[in-house]
Amino acid sequence: MNRPGARESDSSDATDNPGAAARSALQLEELGLNAWPALDQLHCSGYLLRFARGFSARANSIHPIYAGDTASPDLALLELCEGIYRSRGLPAQFRMGPHTPLLDEALAGRGYRKAGEALVMARALGKRSDQAGDARSSGNEGDAGMPLEDVTPGLQIFMSERLDGGAGEDWLSAVTALHSRPPTSIASFRELLSRIVTRSCYMLASNTQLDGSQRPAACALGVLQQNWVGIYELYRRTDLRGHGVGRQALAYGASHAYLSCDALDRPALQVFQDAGYREMYRSWYRMQA
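For the sequence shown, the working numbering assigns the number 94 to the initial residue and increments by one for each residue that follows.
What follows is the structure, encoded as structure tokens:
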């Protein structure tokens, strides 16, 4: 994976070459930190400790991307991190990748269990469609968003850059329902989204019921940084999977896109591979037992 603006190389290079995978991981992990902010964070000797009241592993874990890899982590530093998370009622967990093989082995030896393995995937994007550009402008004006071209008959797709009001509020309700999140998590989720500094796009697809009401069908969040768009919160109703719902959000004003997919979700992996996404590296967590 090259840096934005550089000549594109075959994305398979990253998985075939450990050094390339580590470089890709450092770049995309940093983009992910910005795209999915924590509510509080603490820098501690190269470790970035993040907290979000337990909402999402990425925002409640230790990211060692600035510490370098070591087979002999500072025991006092580990105990300090563990104590800080314990004081917040959370287990200490480290986000791992190809840039941390020695630390991963050291944590395993300390009894940390492996969890949440995912494939970080990326692809080059074509030119953004005029419709996506219209939707972006409409979102800037603060209205409900511009309906985009249907990718499944009977669906209306809206995009907005704002979470407050109109399509943004509808998006928040839809993603909560599609992901079956508990109502108690909504406040933390909203606050986390409000802290995204870079440009973002909320996509919502819905269809009209017989009584005239709108039923959520799919949703996604795109976060734009440099020439990259990170795809988050991509959910579809189970009856619509495999129909191409949500692809409008995957080409929103960027030359490259990345996303993360559960390593065990083979149907989703196949969908992303068919859409041109290729594995760049794998991430996982080491969680204190």
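All C-beta atoms in this analysis are idealised placements derived from N, C-alpha and C, irrespective of residue type, glycine included. Everything numeric in this text was worked out from a predicted model, so none of it was measured.
- Message: Tell me the DSSP secondary structure of GLN318 in three-state form.
- Response: By 1-based counting over the sequence shown, the position of residue 318 is 225. It is a strand residue.
- Task: Report buried or exposed for ASN153, applying the criterion of at least 16 other Cβ atoms within 10 angstroms of its Cβ.
- Result: Here the question's residue 153 lines up with position 60 in the sequence shown. With 16 or more other Cβ atoms within 10 Å, it is buried.
- Query: Residue range of the alpha helix (DSSP H) that ARG359 falls in?
  - Reply: If you number the sequence shown from 1, residue 359 lands on position 266. Element bounds for ARG359: 359-367.
- Message: Please list the terminal residues of the continuous alpha helix (DSSP H) segment that includes LEU200.
- Response: Residue 200 sits at position 107 when you count from the first residue of the sequence shown. That run of the alpha helix (DSSP H) goes 194-202.
- Taking 8 angstroms as the threshold, find out whether the region 183-202 comes into contact with the region 150-165 through three or more Cβ pairs. Counting C-beta pairs closer than 8 angstroms gives three or more between the region 183-202 and the region 150-165, which meets the contact rule.
- In three-state DSSP terms, what is GLU210? Within the sequence shown, numbered from 1, the residue matching residue 210 stands at position 117. It is a strand residue.
- Item | beta strand (DSSP E) runs wholly inside the region 129-154, at least 3 long, in chain order | 133-137 and 140-144
- Quickly, what does DSSP pair TYR374 with across the bridge? List them, please. By one-based count along the sequence shown, residue 374 stands at place 281. According to DSSP, TYR374 bridges with VAL213.
- Taking buried to mean at least 16 other C-beta atoms within 10 Å of its own C-beta, is ARG379 buried or exposed? Within the sequence shown, residue 379 is the residue found at index 286, counting from 1. So ARG379 counts as buried.
- Go through its chain and collect everything with a Cβ distance to TYR159's Cβ below 6 angstroms, but skip five positions before and after it. Counting from 1 along the sequence shown, the entry for residue 159 is found at position 66. Around TYR159: GLY139.
- Would DSSP call THR163 helix, strand or coil? Counted from its first residue, the sequence shown places residue 163 at position 70. Three-state result, THR163: coil.
- Between the Cα of GLY315 and the Cα atoms of PRO309, ASN300, ARG308 and ARG292, which residue gives the shortest distance? Counting from one through the sequence shown, the residue named residue 315 turns up at place 222. The shortest Cα separation from GLY315 among PRO309, ASN300, ARG308 and ARG292 belongs to ARG292.
- Are the beta-carbon atoms of PHE148 and PHE282 separated by less than 8 angstroms? Sequence index remark: in the sequence shown, residue 148 carries index 55 (1-based). Sequence index remark: in the sequence shown, residue 282 carries index 189 (1-based). Taking 8 angstroms as the Cβ cut-off, PHE148 and PHE282 qualify as a contacting pair.
- Note down the Cα distance separating ALA382 from PRO309, rounded to an integer number of angstroms. In the sequence shown, counting from the first residue as 1, residue 382 sits at position 289. In the sequence shown, counting from the first residue as 1, residue 309 sits at position 216. Near 38 angstroms, if we compare the C-alpha coordinates of PRO309 and ALA382.
- Query: What did DSSP end up calling SER299 once you bin it into helix, strand or coil?
  - Reply: Working through the sequence shown from its first residue, we reach residue 299 at position 206. DSSP, read as helix, strand or coil, puts SER299 in strand.
- Over what stretch of residues does the beta strand (DSSP E) that includes ARG188 continue unbroken? As a working note, residue 188 is residue 95 in the sequence shown. For ARG188, the enclosing beta strand (DSSP E) covers residues 186-189.
- Query: What residues match up with HIS156 in a beta bridge as DSSP calls it?
  - Reply: Along the sequence shown, one-based indexing puts residue 156 at 63. Its beta-bridge partners are LEU141.
- Task: Output the distance between the C-alpha atoms of ALA371 and SER287, rounded to the nearest integer angstrom.
- Result: Along the sequence shown, read from residue 1 onward, the residue named residue 371 stands at position 278. Along the sequence shown, read from residue 1 onward, the residue named residue 287 stands at position 194. In the sequence on display, residue 371 carries Arg and not Ala. Cα-Cα distance, rounded: 30 angstroms.
- Item | DSSP-derived helix/strand/coil call for ASP355 | In the sequence shown, residue 355 corresponds to position 262, counting from 1. Here ASP355 sits in strand by DSSP.
- Query: When DSSP labels each residue in this structure, what does GLU262 get in the three-state scheme?
  - Reply: Start at 1 with the first residue of the sequence shown, and residue 262 comes out as number 169. Collapsing the DSSP output to three states places GLU262 in a helix.
- Message: Buried or exposed for LEU142, going by 16 or more other Cβ atoms inside 10 Å?
- Response: The count along the sequence shown starts at 1 and reaches residue 142 at position 49. Flag for LEU142 reads buried.
- Message: Short of 6 angstroms in beta carbon distance, which residues of its chain neighbour ALA118, apart from the five on each side in sequence? Order them along the chain.
- Response: Counted from its first residue, the sequence shown places residue 118 at position 25. So the qualifying residues of the chain are GLY190, PRO191, HIS192 and TYR374.
- Message: Please identify the residue among ASP257, ALA150, ALA350 and ALA217 whose C-alpha is closest to the C-alpha of GLY209.
- Response: The residue you call residue 209 lines up with position 116 of the sequence shown. Here the closest residue by C-alpha is ALA150.
- Item | Sequence-distant residues of the same chain with beta carbon closer than 7 angstroms to GLU326, five excluded per side | As a working mapping, residue 326 is identified with position 233 in the sequence shown. Result list for GLU326: VAL268, CYS312, ALA313 and LEU314, in chain order.
- Query: If you follow the alpha helix (DSSP H) that ALA382 is part of, which residue opens it and which one closes it?
  - Reply: Within the sequence shown, the letter at position 289 stands for residue 382. Premise fails: ALA382 is in no alpha helix (DSSP H) and is neither H nor E.
- Please name the residue in LEU171, TRP321, ASP367 and ALA368 whose C-alpha comes closest to that of ALA350. On the sequence shown, residue 350 is found 257 positions in, with the first residue counted as 1. Minimum Cα distance to ALA350 is reached at TRP321.
- Item | Chain-order list of residues whose beta-carbon lies under 6 angstroms from that of LEU170 (same chain, five-residue window excluded) | For this step, residue 170 is matched to residue 77 along the sequence shown. Contacts found: SER138.
- Query: Which one of SER273, ALA215 and PHE251 has the shortest CA to CA distance from TRP264?
  - Reply: For the purposes of this step, residue 264 is taken as the residue at position 171 of the sequence shown. Among SER273, ALA215 and PHE251, the Cα nearest to that of TRP264 is on PHE251.
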